[in-house]
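Engineer: Following the UniProt record's numbering, the numbering of the sequence shown begins with 1 at its first residue and continues without gaps.
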Amino acid sequence: MVPSGLQVWRWVLFACFHWLCVCQETPRPVYMVAIPAVIQAGSEAKLCASLLQPNETLVMTISLIANEQIKILLQESSDQEFHRCFQFQAPHVESEEVQHFKVKVQGETFQSTEERMVMIKPYKPMTFVQTDKPIYNPGHTEHFELKATVFNYLSKCIMVSVTPAHSLDYTLTPLKDVQYSSCLCANGRKTFSWTMAPSILGVMNVSVSAEAVQSHAACDNEIVNVPERGRIDTVTQSLLVKAEGTEKTDTYNWLLCPTGVTMTEEVELQLPKNVVDGSDRISLSVLGDILGRALKNLDGLLQMPYGCGEQNMALLAPNIYILEYLRNTEQLTPAIRDKAIKFLTSGYQRQLNYKHVDGAYSTFGQGSGNTWLTAFVLRSFGKAKSFIYIDPVKTEQTKTWLERLQGEHGCFIRLGKLFNNRMKGGVTDEVTLTAYITASMLELNMSVSDPVVYRSLSCLRNSTSDLSNTYTTALLAYTFTLAGDMETRAQLLQHLDTIALQEGGFLHWTQTSSETSASLAVEISSYVLLASLSASPMSTTDLGYASRIVRWLVRQQNAYGGFSSTQDTVVALQALALYSTRVYSREGASTVTVHSPSGEHLFEVNQNNKLLYQERALQDTEGKYSVEVKGSACASVQVSEYTPPNTKVQDMDLYITVNFKHLRSVVWLDSWFMKCKFFPYVLKCIFLDRLVSLTCSSLLPRWRSTTTSLLLLTAQRSVSR
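Written out as structure tokens, the structure is:
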């Protein structure tokens, strides 16, 4: 509680009297300093100092010691009596703090030093305004309610007038029957609302001011007070206005490695006819490393893992390959390492929640273990142990559980179901699953003479007569490369070479000639790349072959350095990290020149900035662009085009009736009413035994408590057509 003025000056007068009496015990100089005991942060405070009966030249120094800093408020030298009063500004603090004043008077024969405590309280405005923005990013065709709340910390009533700032970026319409001037008494608050309609896309700043004004009207039988300080407060809130529709991103990627000649690529960009006006944008980025985009998005790739057992591993695994690459090329900084270790440790501990007592892992930690997921965990933890502690006992339990699933013929039996089947990529049959598990064990440095590995390799050799499945063939090629079986590896790679899709300097594979899954093509091509790079020793031919695959893979990367799904991103980043390690060089530099309709853009790529993400926003979203690279270092160039298409919407009523078999295990089986306005949403129902999940993105459901075995959901939504 702030002391009253009387209490403050009682303390000050006592201090002055004390100093005076002490000094008058001998015929020596007398000084007095009057200071307040409590000061408000950031305010102007008054200080008075007097020097009496000096018998020599004295220097008086008054300092404020606050926040471990010394600020001299007064320093005066005199052999005459003087009296000085002056203002000084108190320091800013966030909470109540005790600071010190120091008074020093010094001459040739006289010296005195005193310190006094002072309480500095944070500034608490008498009135201030707070705005509330929507819980989502609004579209620029939407109308929504903007709220501003005014608080009064005065001990008296005030008349407050609230005014929004005018702007061409939006329109604020007063609500009907709402007054924007109102009485506000001590410690009161009041909320004012407007209907807002944005008129631009992007970041929009909204300002609202509240002012305590004069009024002849009484407030709560009190005369309206107008404070001298804190009379006006203004707050500015930023809103991100998005275009309606779903944003579509097209990326054009090139990996250009000049060797004394200029390399050129061209692309022509055209906007779709149904693009939302003003929403399109285009950016150009250049890096000296093919993993640079993944490194730039460490917040996305080195992120805190969460979710079920599959999602957790899909987020954890790419962290490991990025760390391996940085460590192997001596680019791993302490800051990245500390952050990554924290995330890996969190992901490891979370994954143990999905571990069974027998060592297996499953999606939710219940039911039977999942063979593929358990192998994925074993593979990832084996690599993570070079960065964090992995319990070897638990790893051995997992390996033992997998070994028990090995049949007499050497192949592994598939158990368990996946929550997200896309997570396992192309692993669908016993041979492919066995190849995946065997590769995982070999990556853990298990010997080919180990009985389990030996039998699984025998099973896989018997299956090499049937090479109709391209995914299996690519995975087998990688597995036998790890096993050191160069004869079988050569046979598999030779077959893959005959069915490869070659176009210029690009090389990739698909499951079938009519296959359109980009995700599966990326995963297959990544396994072939791993097979090409994992041979020891690696030949120049292998490296040249791998470079053609890398050029195609780089073209498939999205704007964040990943790919189209989870598992293809995991495998592709593993392969690209291995390739980057093999070809890493500390020499070379190149100049990248981009010709656009609006002019030229120059980028320099060298060893000092090869991991630096260089990006520029381009003005022209349509037209021809050409990229030229000169020098001796590779450059990864990407053009990203963002175009939210215009979405046609219509309203519809959706009724879903669900009968639950396991009512006892379900919590809150309520009647759930939702209403969607302004934007499309996705409704997803999942029924896995006792798990029931109903989600509506970007909405807050309103629950009405009922107990029933029937769930009725009514929703109104907008859908794209």
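We treat Cβ as the ideally placed atom computed from N, Cα and C, and that holds for glycine.
Please name the residue in 254, 328 and 224 whose C-alpha comes closest to that of residue 211.
Structural biologist: For the residues 254, 328 and 224, the minimum Cα distance to residue 211 belongs to 224.
Engineer: When you compare only the Cα positions, how much space is there between residue 47 and residue 109?
Structural biologist: Spanning the two alpha carbons is a distance of roughly 27 Å.
Engineer: Using only CA atoms, which one of 256, 517 and 395 lies nearest to residue 356?
Structural biologist: With distances taken between Cα atoms, residue 356 lies closest to 395.
Engineer: What does DSSP give as the partner residue(s) for residue 82 in the beta ladder?
Structural biologist: Partner(s): 51.
Engineer: Going by C-alpha distance, which of 89, 66 and 115 is nearest residue 97?
Structural biologist: The candidate whose alpha carbon is nearest that of residue 97 is 66.
Engineer: Which full runs of the alpha helix (DSSP H) of 4+ residues lie inside the region 86-112, going along the chain?
Structural biologist: None, since the region 86-112 contains no complete alpha helix (DSSP H) of that length.
Engineer: Under 6 Å Cβ to Cβ from residue 595, same chain only, skipping five residues before and after it: list those, please.
Structural biologist: Counting only Cβ-Cβ distances below 6 Å, and skipping sequence neighbours, we find 626.
Engineer: For residue 333, name the three-state secondary structure that DSSP assigns.
Structural biologist: Looking at residue 333 - three-state DSSP - the assignment turns out to be coil, as it is neither helix nor strand.
Engineer: Could you give the distance in angstroms between the alpha-carbon of residue 589 and the alpha-carbon of residue 292?
Structural biologist: Cα-Cα distance, rounded: 16 Å.
Engineer: How is residue 367 classed by DSSP in three states: helix, strand or coil?
Structural biologist: Looking at residue 367 - three-state DSSP - the assignment turns out to be coil, as it is neither helix nor strand.
Engineer: Closest to residue 722 by C-alpha separation, out of 213, 247, 608 and 443, would be which residue?
Structural biologist: The chain is shown only over 1 to 721; residue 722 falls outside these bounds and no answer can be derived.
Engineer: For residue 765, does the three-state DSSP call read helix, strand or coil?
Structural biologist: The first residue shown for the chain is 1 and the last is 721, placing residue 765 beyond what the model contains.
Engineer: Using alpha carbons as the reference points, say which of 39, 324, 285 and 404 lies closest to residue 95.
Structural biologist: If we check each option's Cα against that of residue 95, 39 comes out closest.
Engineer: I need the straight-line Cα distance from residue 88 to residue 116, nearest angstrom please.
Structural biologist: Approximately 17 Å, taken between the alpha carbons.
Engineer: Comparing alpha-carbon positions, which option in 415, 262 and 409 lies nearest residue 743?
Structural biologist: Limits of the chain in this structure are 1 at one end and 721 at the other, which puts residue 743 out of reach.
Engineer: DSSP three-state call for residue 738: helix, strand or coil?
Structural biologist: This structure cannot settle anything about residue 738, because the visible part of the chain is limited to 1 through 721.
Engineer: Spatial neighbours of residue 297 within its chain, please: CB distance less than 7 Å, with the 5 preceding and 5 following residues excluded, ordered by chain position.
Structural biologist: Once the five neighbours on either side are set aside, the close Cβ partners of residue 297 are 560 and 561.
Engineer: Classify residue 175 as buried or exposed, calling it buried when 16 or more other Cβ atoms lie within 10 Å of its own Cβ.
Structural biologist: Exposed, since its Cβ has fewer than 16 Cβ neighbours within 10 Å.
Engineer: Pick out whichever of 282, 484, 41 and 521 has its Cα sitting closest to the Cα of residue 737.
Structural biologist: Since the displayed the chain opens at 1 and closes at 721, residue 737 lies outside it and no answer follows.
Engineer: Between 184, 405, 208 and 111, which lies nearest to residue 148 when the distance is taken from Cα to Cα?
Structural biologist: The shortest C-alpha separation from residue 148 is found at 208.
Engineer: Assign residue 449 to one of three DSSP states: helix, strand, or coil.
Structural biologist: The answer is coil: DSSP assigns residue 449 none of H, G, I, E or B.
Engineer: In three-state terms, what does DSSP make of residue 353?
Structural biologist: Helix at residue 353.
Engineer: Would you call residue 572 buried or exposed, if buried means 16 or more other Cβ atoms sit within 10 Å of its Cβ?
Structural biologist: The residue in question, residue 572, is buried, as its Cβ has 16 or more Cβ neighbours within 10 Å.
Engineer: To which residues of the same chain is residue 517 closer than 8 Å at the C-beta, ignoring the five residues directly before and after it?
Structural biologist: Same-chain partners within the cutoff: 510 and 511.
Engineer: Can you check which of these residues, 507, 529, 382 and 199, is closest to residue 548 by C-alpha distance?
Structural biologist: Among 507, 529, 382 and 199, the Cα nearest to that of residue 548 belongs to 507.
Engineer: Can you check which of these residues, 113, 104, 99 and 112, is closest to residue 119 by C-alpha distance?
Structural biologist: Per the Cα distances, 99.
Engineer: Quick check: the Cα distance between residue 615 and residue 640, rounded to an integer number of angstroms?
Structural biologist: Residue 615 and residue 640: Cα-Cα distance of roughly 10 Å.
Engineer: Alpha carbon to alpha carbon, how far is residue 164 from residue 204? Give it in angstroms, no decimals.
Structural biologist: Approximately 14 Å between the Cα atoms of the pair.
Engineer: If you draw a straight line from the alpha carbon of residue 417 to that of residue 520, how long is it in whole angstroms?
Structural biologist: Answer to the nearest angstrom: the Cα atoms are 20 Å apart.
Engineer: Please list the terminal residues of the continuous beta strand (DSSP E) segment that includes residue 495.
Structural biologist: Careful: residue 495 lies outside any beta strand (DSSP E), inside the alpha helix (DSSP H) at 486-499.
Engineer: What first and last residue would you give for the alpha helix (DSSP H) that runs through residue 522?
Structural biologist: Looking at the DSSP string, the run of the alpha helix (DSSP H) that includes residue 522 is 518-533.
Engineer: Excluding the five sequence neighbours on either side, which residues of its own chain have a C-beta within less than 7 Å of the C-beta of residue 461, listed in chain order?
Structural biologist: The answer, listed in chain order, is 488.
Engineer: Using alpha carbons as the reference points, say which of 643, 630 and 492 lies closest to residue 255.
Structural biologist: Minimum Cα distance to residue 255 is reached at 630.
Engineer: Relative to the alpha-carbon of residue 103, which residue among 55, 51, 150 and 154 has its alpha-carbon at the smallest distance?
Structural biologist: Selected option, being the one with the closest Cα: 51.
Engineer: Under the rule that 16 or more other beta-carbon atoms within 10 Å means buried, what is residue 348, buried or exposed?
Structural biologist: Buried, since its Cβ has 16 or more Cβ neighbours within 10 Å.
Engineer: Between which residues of its own chain and residue 384 is the CB-CB distance below 7 Å, once the five residues before and five after are set aside?
Structural biologist: Excluding residues within five positions, the ones whose Cβ falls inside 7 Å are 320, 344, 348 and 390.
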